[in-house]
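Same order as they appear, the protein sequences are chains A and B.
Reading the first sequence from the start, the letters are residues 3 to 267 in our numbering.
Reading the second sequence from the start, the letters are residues 27 to 492 in our numbering.
All C-beta atoms, glycine included, are put in the ideal place defined by N, C-alpha and C.
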Amino acid sequence: MITAGCDVGSLTSKAVLMKNKRIIGSYITKSRVKPEVSAREAMQGALQQAGISEDQITCCVGTGYGREKIPFVNVAVSEIACHGKGAKWLMPSVRTIIDIGGQDCKAMKIDASGKVIKFITNDKCASGTGRFLEVMARVLGINIEDLGRMSRKAKTPVILASTCTVWAQADVIKYLNSGYALEDIGAGINTAMANRIAILANTIKAEKDISMTGGVAKNEGVVTTLSKTLGQKIKVARKADPQLAGAIGAALFAEEHKTEQGGQQ
Amino acid sequence: MRPEIKEYNYDWMLWRILDPASRIADGSLKELDLAYRYVPYFKGVLDPLLREGLPGRLFLKMINTYFENLHTAHAKGKKIAITTFCFSPAICYALGVVPVTLEPLTALGGLMWKRGTFDYLDYACEMGFTETSCSSQRGALGAYLAGLGEEIDFLLCDTPGVCDTNANAFAFAAAFLDKPFYQLNYPQTLGDNKTDNYHLADYKEMIRFMEDQSGKKLDLDRLRQVLDEVDKQDELISDLEDMQRLIPNPLPPMYNLFNYVGRFLFAGMPEYTRLLKSMVDKAGENASAGRSGLRSGKEKRRLFLCYIDHYSLNWNFWQWLDDHGIAHMGSILSRGFRDNVCYTEDLEGSTYSVDTSNIDTMIDSIAQMNARLPMVRSIRGPYDQPNMWLDESLVMAKVFQADCIIYNGTPGCRNTWGMVKPFAKEIEKHGYPVHIMYSDAFDDRIESWEATRERLDEFFKIRGLL
Chain A
3 MITAGCDVGS LTSKAVLMKN KRIIGSYITK SRVKPEVSAR EAMQGALQQA GISEDQITCC
63 VGTGYGREKI PFVNVAVSEI ACHGKGAKWL MPSVRTIIDI GGQDCKAMKI DASGKVIKFI
123 TNDKCASGTG RFLEVMARVL GINIEDLGRM SRKAKTPVIL ASTCTVWAQA DVIKYLNSGY
183 ALEDIGAGIN TAMANRIAIL ANTIKAEKDI SMTGGVAKNE GVVTTLSKTL GQKIKVARKA
243 DPQLAGAIGA ALFAEEHKTE QGGQQ
Chain B
27 MRPEIKEYNY DWMLWRILDP ASRIADGSLK ELDLAYRYVP YFKGVLDPLL REGLPGRLFL
87 KMINTYFENL HTAHAKGKKI AITTFCFSPA ICYALGVVPV TLEPLTALGG LMWKRGTFDY
147 LDYACEMGFT ETSCSSQRGA LGAYLAGLGE EIDFLLCDTP GVCDTNANAF AFAAAFLDKP
207 FYQLNYPQTL GDNKTDNYHL ADYKEMIRFM EDQSGKKLDL DRLRQVLDEV DKQDELISDL
267 EDMQRLIPNP LPPMYNLFNY VGRFLFAGMP EYTRLLKSMV DKAGENASAG RSGLRSGKEK
327 RRLFLCYIDH YSLNWNFWQW LDDHGIAHMG SILSRGFRDN VCYTEDLEGS TYSVDTSNID
387 TMIDSIAQMN ARLPMVRSIR GPYDQPNMWL DESLVMAKVF QADCIIYNGT PGCRNTWGMV
447 KPFAKEIEKH GYPVHIMYSD AFDDRIESWE ATRERLDEFF KIRGLL
């Protein structure tokens, strides 16, 4: 049975194809204006990678910001549930998941079976989200992937407004104009991000093992600073790209959904 | 919160910086230079204080003594009470209780560390505070909530009906820490007999609560001693404020901070009196020489802060004023409304007096003094004086001949932030250029000092003030 998960986020859209709980195809693309276009593009990419056609998919679950607009899904499931399940698949020992999406961030605790038992989402604007890092990378004129590495080279990270992205952007421009080292500014950005996420993680009393999902999990600066702030190691998934966690969870839900349906028949 | 922050208590860390700093303050320049080599990060904190001469050194020693008292309180059989800058600690000293005044403690963290009190501010949010709660309490309080401070015995506050954000912070802390708590409650009106009687009765009840908690009866001789000291302090403050009216103002900008930090931590104690005396002497020397208190000696502008100062690393705000030739004409924090001050002529019924004739007059004096602490007065805006903040700001600006007015506070301040724009419009109508600082006085992560400084530059240039 081949199942699919499609996660349409505000910044990126992801699709995952699974067979017997193993990934056979995946794809990440930038989200377009219309969620249905983004979903189609992501799914086509995953299908191409797996070398299969759409009609071979038994069941597809949609999730993410645009989940209600995806035309080809059988069921839509909430992001938090999908991220919990996906993270559990990525790292079976995980109990706390910090997911940073394009426009929100969430911290959740799951039980041994992967069921979400507690969660919290950000109560502020774009700061502490992927969009924050994207905007900052653009201002610095660097690739977002390079931002994470800057913390390693920084000597004195700057202090940045971290409640409002626009104000933080203004700060970054001021620091640039004042000749501060790019690494110190980059590290300041990562620290500001980590501090905001730490509040969420501490609010739900993060417990071992802690893992991050979402695109920001690939930013080593944020992950390292967050680990220091929490005083606990954040484990980064190696089994697959952590940015795919939501789509993986969705594909796993699709399998469960189909199995349940089969049982009922 | 980072694990390394949890290694030591917040108030202990502050003391460990202030204790050696106050010792080397009396050293020679050569000794100081040598010390700075070992603590380069604190040069920016210590240098501006020591440049103020004796008042700077006494200020440093006074705060150090405060922390010493705090850390030795329990060993000496004294109780420790969390309280607020809206509440005079004089009654605590009369009863042998050591006050932990949250707001100055938060400010000190911001002034001395690049990281400020960020970890504690965030910890309070993790425990249930909203991010829009007032950062002035949240910074230091976060540490006490985390168990990273001296053990607290009880809490006192007087902000219900004055500042709900502040009152809620104390109510939260009392429940969270499971400690006894007394709130003085202010009626909606001010200045009538009914209100005065209500406040006096409430204050007496609070004294009974404090007696129960501290296990000590209020000693009349001790109360008289404290009030006599308050009397001396008020006299010195009045002298300073008289001199502040001169052009040029002979007071250095940091004197404003010295004044109110002393009052919030040490009202009624001789350490504060000594500090004020040294300030009066130094300002007097400047005044006789017709010299400005600014380092440059040239006063270009006179600024009144209609709320509070900005507590960024290394005294950035005061340094900026000094560098730009801007004299500090005080803020609501520095005004006490004693009956001998120069600014109450147009503010009928606003003052208090100190009468030590008997127990009733003494308690009445201390209660009335308490009712004139910042926020309790000025910002409160009771039903019978709804324009109090505006009226009093205009009087201060006029009396101290301010050229402009700046608002700085915290986004958590419902009482000021919530009405500052119409307030500023009204002030402008009276001819005073007004700048609203959108930073948080206690949290540089709301707006960095670099951005704040640039906005200040813009204001003074665009409005033709510099």
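Is it buried or exposed for residue i, if we count other Cβ within 10 angstroms and need 16 for buried?
i	result
arginine 406/B	buried
serine 33/A	buried
isoleucine 119/A	exposed
glycine 66/A	buried
glycine 294/B	buried
alanine 201/B	exposed
glycine 362/B	buried
tyrosine 170/B	buried
valine 79/A	buried
asparagine 179/A	exposed
lysine 87/B	buried
Which bits of chain A does residue i rub up against, with CB to CB less than 7 Å?
i	result
proline 29/B	Gly233
Please check if any C-beta of chain B sits within less than 7 Å of the C-beta of residue i.
i	result
alanine 163/A	yes
alanine 172/A	yes
lysine 120/A	no
lysine 87/A	no
lysine 176/A	yes
Which residues in chain B have a C-beta closer than 9 Å to the C-beta of residue i? List them in chain order.
i	result
serine 180/A	Glu476
tryptophan 91/A	Those within 9 Å of tryptophan 91/A in chain B number zero; the least Cβ separation is about 29 Å.
alanine 194/A	Arg471
Since residue i meets chain B, which of its residues come closer than 7 Å, beta carbon to beta carbon?
i	result
alanine 230/A	The residue asked about is misnamed: residue 230/A is lysine in this sequence, not alanine. Near lysine 230/A (Cβ distances below 7 Å), the residues of chain B are Arg28.
For residue i, name the three-state secondary structure that DSSP assigns.
i	result
tyrosine 433/B	strand
glutamine 209/B	strand
isoleucine 426/B	Looking at the sequence shown, residue 426/B is not isoleucine but phenylalanine. Phenylalanine 426/B: coil per DSSP, three-state reduction.
threonine 191/B	helix
lysine 237/A	strand
glycine 116/A	coil
threonine 98/A	strand
alanine 242/A	coil
lysine 157/A	coil
arginine 327/B	strand
methionine 269/A	Nothing about residue 269/A can be read from this structure; chain A reaches only from 3 to 267.
leucine 363/B	First, the residue type needs correcting, since residue 363/B is phenylalanine and not leucine in the sequence shown. Note: phenylalanine 363/B maps to coil in three-state DSSP.
proline 81/B	helix
glycine 11/A	coil
isoleucine 72/A	coil
leucine 182/B	strand
tyrosine 119/B	helix
proline 66/B	helix
isoleucine 59/A	strand
glutamate 402/B	The residue asked about is misnamed: residue 402/B is valine in this sequence, not glutamate. Correct three-state label for valine 402/B: coil.
threonine 143/B	coil
phenylalanine 202/B	helix
threonine 478/B	helix
alanine 169/B	helix
cysteine 439/B	coil
Going along the chain, which residues of the segment 465-485 of chain B sit with their C-beta nearer than 7 Å to a C-beta in chain A? Contact residues of the segment 465-485 of chain B toward chain A are Asp470, Arg471, Ile472, Glu473, Ser474, Glu476, Ala477 and Glu480 (C-beta to C-beta distance below 7 Å).
Closer than 7 Å, Cβ to Cβ, to anything on chain A: give me those residues from the segment 113-134 of chain B, in chain order. Flagged: no residues at all.
Given a limit of 8 Å on CB to CB distance, which residues of the segment 197-208 of chain A reach chain B? Per Cβ criterion, the list reads Asn197, Ala200, Ile201, Asn204 and Thr205.
Using a Cβ-Cβ cut-off of less than 9 Å, give me the residues of the segment 141-167 of chain B that come near chain A, in sequence order. If the cut-off is 9 Å between Cβ atoms, the segment 141-167 of chain B has Arg141, Gly142, Phe144, Asp145, Asp148, Tyr149, Cys151, Glu152, Met153, Gly154, Thr156 and Glu157 near chain A.
Contact residues within the segment 47-70 of chain A, judged by C-beta distance below 9 Å to chain B: Cβ contacts with chain B: none found.
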